[in-house]
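A.B. asks: Structure in structure tokens, see below.
Protein chains: 2
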Amino acid sequence: MVVKQRKFSKLRQAHHREKAEDYVEMIQELLGKQGEARLTDIAKQFGVSTVTAHKIVARLQRERLIASKPYRALFLTSKGKKMATQSKHRHEIVYRFLRSLGVPENVAQVDAEGIEHHVSPKTLSIFQRFLKRNVNRNQPLSPD
Amino acid sequence: MVVKQRKFSKLRQAHHREKAEDYVEMIQELLGKQGEARLTDIAKQFGVSTVTAHKIVARLQRERLIASKPYRALFLTSKGKKMATQSKHRHEIVYRFLRSLGVPENVAQVDAEGIEHHVSPKTLSIFQRFLKRNVNRNQPLSPD
DNA sequence: TCAAAAATTTAGCCTTGGCTAAATTTCGGC
DNA sequence: GCCGAAATTTAGCCAAGGCTAAATTTTTGA
Ligand SMILES: [Mn+2]
Ligand SMILES: [Mn+2]
Ligand SMILES: [Mn+2]
Ligand SMILES: [Mn+2]
Numbered sequence: 050m051v052v053k054q055r056k057f058s059k060l061r062q063a064h065h066r067e068k069a070e071d072y073v074e075m076i077q078e079l080l081g082k083q084g085e086a087r088l089t090d091i092a093k094q095f096g097v098s099t100v101t102a103h104k105i106v107a108r109l110q111r112e113r114l115i116a117s118k119p120y121r122a123l124f125l126t127s128k129g130k131k132m133a134t135q136s137k138h139r140h141e142i143v144y145r146f147l148r149s150l151g152v153p154e155n156v157a158q159v160d161a162e163g164i165e166h167h168v169s170p171k172t173l174s175i176f177q178r179f180l181k182r183n184v185n186r187n188q189p190l191s192p193d
Numbered sequence: 050m051v052v053k054q055r056k057f058s059k060l061r062q063a064h065h066r067e068k069a070e071d072y073v074e075m076i077q078e079l080l081g082k083q084g085e086a087r088l089t090d091i092a093k094q095f096g097v098s099t100v101t102a103h104k105i106v107a108r109l110q111r112e113r114l115i116a117s118k119p120y121r122a123l124f125l126t127s128k129g130k131k132m133a134t135q136s137k138h139r140h141e142i143v144y145r146f147l148r149s150l151g152v153p154e155n156v157a158q159v160d161a162e163g164i165e166h167h168v169s170p171k172t173l174s175i176f177q178r179f180l181k182r183n184v185n186r187n188q189p190l191s192p193d
């Protein structure tokens with residue numbers, strides 16, 4: 050009984066982390082690609098209003114993942130950089146794992162965006178091992 | 050650009066469906082196991098207060114997935130049954146897929162609870178094909 | 001330079017999903 | 001049949017994440 054409860058409480062925790070992970074990952078990407086991360090670009094990427102993006106960023110500033118001065122571009126704290134790097138890494142593995150199974154590019158992109166947040170370290174390392182074993186096959190296991 | 054937006058909008062849709070899927074699945078399970086689905090049992094299983102469970106059930110009644118008379122046990126509408134059956138099926142495949150890769154039981158349970166909601170039909174059918182191919186191996190691909 | 005445009009922030013609204021406290025209804029045992 | 005316990009519902013609080021409208025600040029270009 051208590052086992053099942055923990056299962057769902059873990060799910061709720063994962064949901065709380067999700068937005069944080071997606072946002073810091075996006076900010077790191079924008080910093081790399083354009084040199085700076087502006088609120089408008091972030092909102093555009095996520096397909097939400099700047100107001101929504103602003104509120105989420107404000108929460109992540111309270112949580113010391115993001116830093117910025119008013120009306121200025123956004124930066125990641127060291128805590129934020131660490132989360133971004135780890136999330137990006139996990140996201141990549143999940144995406145490449147799906148691709149290696151034969152999931153089409155656009156489907157794998159959408160599915161990985163959700164799945165990534167629910168893959169535990171143990172499962173991730175198993176995905177990695179699977180990728181390594183299939184590294185020299187050019188064909189996916191289940192071609193379309 | 051718009052591709053990325055759709056990716057996240059799909060993610061938000063998935064989140065909206067998640068609670069619905071978990072609840073109808075749970076109700077179907079309780080109906081099978083105990084003959085009826087009471088609010089207290091549902092709340093216990095999810096590890097939330099009966100008040101929280103009640104509010105979610107009320108929403109799902111508005112959405113015509115659940116039906117009941119006040120102070121009475123809960124039932125699934127035909128729409129709810131359909132969702133429950135499909136969700137259960139997808140959940141099972143995701144769980145068995147993880148297990149077949151060598152993910153330990155308790156980890157697979159937790160991860161599948163989150164992952165299931167983000168697996169598209171295309172990815173699911175690829176998981177199924179993978180399972181069929183590995184059906185006669187007693188050993189998982191990546192043993193612990 | 002300085003006015004218009006763009007970007008950011010604030011105010012205020014909504015829904016969902018958490019909670020506790022309290023009211024109401026149903027159930028069980030005597 | 002009734003009383004107390006259990007279950008359900010209602011009321012009211014909170015935070016997150018969605019929105020539009022409006023205020024504020026920064027940037028841009030004539
Ligand atoms: Mn990601
Ligand atoms: Mn994501
Ligand atoms: Mn499920
Ligand atoms: Mn689930």
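Chains as they are written, first to last, in my numbering: chain A, 50 to 193; chain B, 50 to 193. Beta carbons: idealized from backbone N, C-alpha and C, even for Gly. If you're wondering where the values come from, they're calculated on a predicted model, not measured in any experiment.
Please report the Cβ distance between residue 132(A) and residue 73(A), rounded to the nearest whole angstrom; I am assuming they are in contact, meaning their Cβ atoms lie under 8 angstroms.
C.D. replies: What you label residue 132(A) is simply residue 83 of the first sequence in a count that begins at 1. What you label residue 73(A) is simply residue 24 of the first sequence in a count that begins at 1. Confirmed, Cβ separation roughly 5 angstroms.
A.B. asks: When the cut-off is 8 angstroms and only beta carbons count, does residue 172(B) lie next to chain A?
C.D. replies: Along the second sequence, read from residue 1 onward, the residue named residue 172(B) stands at position 123. By this cut-off, residue 172(B) is an interface position.
A.B. asks: Rounded to a whole number of angstroms, what is the C-alpha to C-alpha distance between residue 191(B) and residue 117(A)?
C.D. replies: Mapped onto the second sequence, residue 191(B) falls at position 142. Mapped onto the first sequence, residue 117(A) falls at position 68. For residue 191(B), the pLDDT reaches just 49, beneath the cut-off of 50, and the residue's location in the model is therefore unreliable, although a value from the coordinates is still provided. Straight-line Cα distance between these residues: approximately 45 angstroms.
A.B. asks: Which word fits residue 70(B), buried or exposed, when buried means at least 16 other C-beta atoms lie within 10 angstroms of its C-beta?
C.D. replies: Counted from its first residue, the second sequence places residue 70(B) at position 21. Buried.
A.B. asks: Where DSSP assigns a beta bridge to residue 124(B), which residues make up the other side?
C.D. replies: Locating residue 124(B) in the second sequence gives position 75, counting from the first residue. Residue 124(B) is bridged to 116(B).
A.B. asks: Contact criterion: CB-CB distance below 8 angstroms. Does residue 191(B) meet it with respect to chain A?
C.D. replies: On the second sequence, residue 191(B) is found 142 positions in, with the first residue counted as 1. Caution applies to residue 191(B), whose pLDDT of 49 falls short of 50 and renders its modelled position unreliable; the value that the coordinates give is listed next. Taking Cβ atoms only, chain A reaches closer than 8 angstroms to residue 191(B), which makes this a yes.
A.B. asks: Listed in chain order, which residues are found with a beta carbon closer than 7 angstroms to a heavy atom of ligand 3?
C.D. replies: After applying the 7 angstroms Cβ criterion, the set is 70(B), 71(B), 74(B), 136(B), 137(B), 140(B), 162(B), 165(B).
A.B. asks: Considering only C-alpha positions, which residue in the set 163(A), 96(A), 171(A), 176(A) is nearest to residue 67(A)?
C.D. replies: On the first sequence, position 18 is the one that residue 67(A) refers to. Ranking 163(A), 96(A), 171(A), 176(A) by Cα distance to residue 67(A) puts 163(A) first.
A.B. asks: For residue 86(B), which beta-bridge partners are listed by DSSP?
C.D. replies: Start at 1 with the first residue of the second sequence, and residue 86(B) comes out as number 37. Paired residue(s): 123(B).
A.B. asks: With H, G and I counted as helix, E and B as strand and the rest as coil, what does DSSP make of residue 174(A)?
C.D. replies: Taking the first sequence and counting its residues from 1, the one referred to as residue 174(A) is at position 125. Helix at residue 174(A).
A.B. asks: What span of residues does the alpha helix (DSSP H) with residue 154(B) cover, start to end?
C.D. replies: Here residue 154(B) refers to the residue found at position 105 of the second sequence. Note, residue 154(B): alpha helix (DSSP H), 154-164.
A.B. asks: Using CA coordinates, which residue listed in 182(A), 76(A), 97(A), 59(A) is at the minimum distance from residue 59(B)?
C.D. replies: Stepping through the second sequence from its first residue, residue 59(B) is reached at position 10. That would be 97(A), whose Cα lies nearest to the Cα of residue 59(B).
A.B. asks: Answer with buried or exposed for residue 12(B), where buried requires no fewer than 16 other C-beta atoms within 10 angstroms of its C-beta.
C.D. replies: A query on residue 12(B) cannot be resolved here, the shown segment of chain B reaching from 50 to 193 and no further.
A.B. asks: Taking just the CA atoms, how far does residue 119(B) sit from residue 174(A)?
C.D. replies: For the purposes of this step, residue 174(A) is identified with residue 125 of the first sequence, where counting begins at 1. For the purposes of this step, residue 119(B) is identified with residue 70 of the second sequence, where counting begins at 1. So the two alpha carbons sit approximately 48 angstroms from each other.
A.B. asks: So residue 143(A) and residue 176(A) are in contact, right, with Cβ under 8 angstroms, and what is the actual spacing, rounded?
C.D. replies: For the purposes of this step, residue 143(A) is taken as the residue at position 94 of the first sequence. For the purposes of this step, residue 176(A) is taken as the residue at position 127 of the first sequence. Sure, about 7 angstroms apart at Cβ, within 8 angstroms.
A.B. asks: Rounding to the nearest angstrom, what Cα-Cα distance links residue 193(B) and residue 123(B) in this structure?
C.D. replies: The count along the second sequence starts at 1 and reaches residue 193(B) at position 144. The count along the second sequence starts at 1 and reaches residue 123(B) at position 74. Bear in mind that the predicted position of residue 193(B) carries a pLDDT of just 48, short of 50, making it unreliable; the figure below should be weighed with that in mind. Roughly 42 angstroms separates the two Cα atoms.
A.B. asks: By the three-class DSSP mapping on this structure, what secondary structure does residue 81(B) have?
C.D. replies: Counting from one through the second sequence, the residue named residue 81(B) turns up at place 32. Of the three classes helix, strand and coil, the one that applies to residue 81(B) here is helix, per DSSP.
A.B. asks: I need the DSSP call for residue 98(B), collapsed to helix, strand or coil.
C.D. replies: Looking up residue 98(B) in the second sequence gives position 49. Note: residue 98(B) maps to coil in three-state DSSP.
A.B. asks: Any C-beta of chain A sitting closer than 8 angstroms to the C-beta of residue 150(B)?
C.D. replies: Residue numbering aside, residue 150(B) sits at position 101 when the second sequence is read from its first letter. It does; some Cβ of chain A falls within 8 angstroms.
A.B. asks: Looking at chain B, which residues of the region 154-166 of chain A have a Cβ within less than 8 angstroms of any of its Cβ atoms?
C.D. replies: Those residues of the region 154-166 of chain A that come within reach of chain B (Cβ to Cβ, closer than 8 angstroms) are 155, 156, 157, 158, 159, 160, 162, 163, 164, 166.
A.B. asks: Roughly how many angstroms separate the alpha carbons of residue 155(A) and residue 161(A), rounded to a whole number?
C.D. replies: As a first step, residue 155(A) is located in the first sequence; it is residue number 106 there, counting from the start. As a first step, residue 161(A) is located in the first sequence; it is residue number 112 there, counting from the start. Between residue 155(A) and residue 161(A), the C-alpha separation is close to 10 angstroms.
A.B. asks: Would you mind telling me which residues of chain B sit closer than 7 angstroms to residue 59(A), beta carbon to beta carbon, in chain order?
C.D. replies: On the first sequence, residue 59(A) is found 10 positions in, with the first residue counted as 1. In chain order: 159.
A.B. asks: Work out the CA separation of residue 110(B) and residue 103(B) for me, nearest whole Å.
C.D. replies: By one-based count along the second sequence, residue 103(B) stands at place 54. By one-based count along the second sequence, residue 110(B) stands at place 61. One C-alpha to the other measures close to 10 angstroms.
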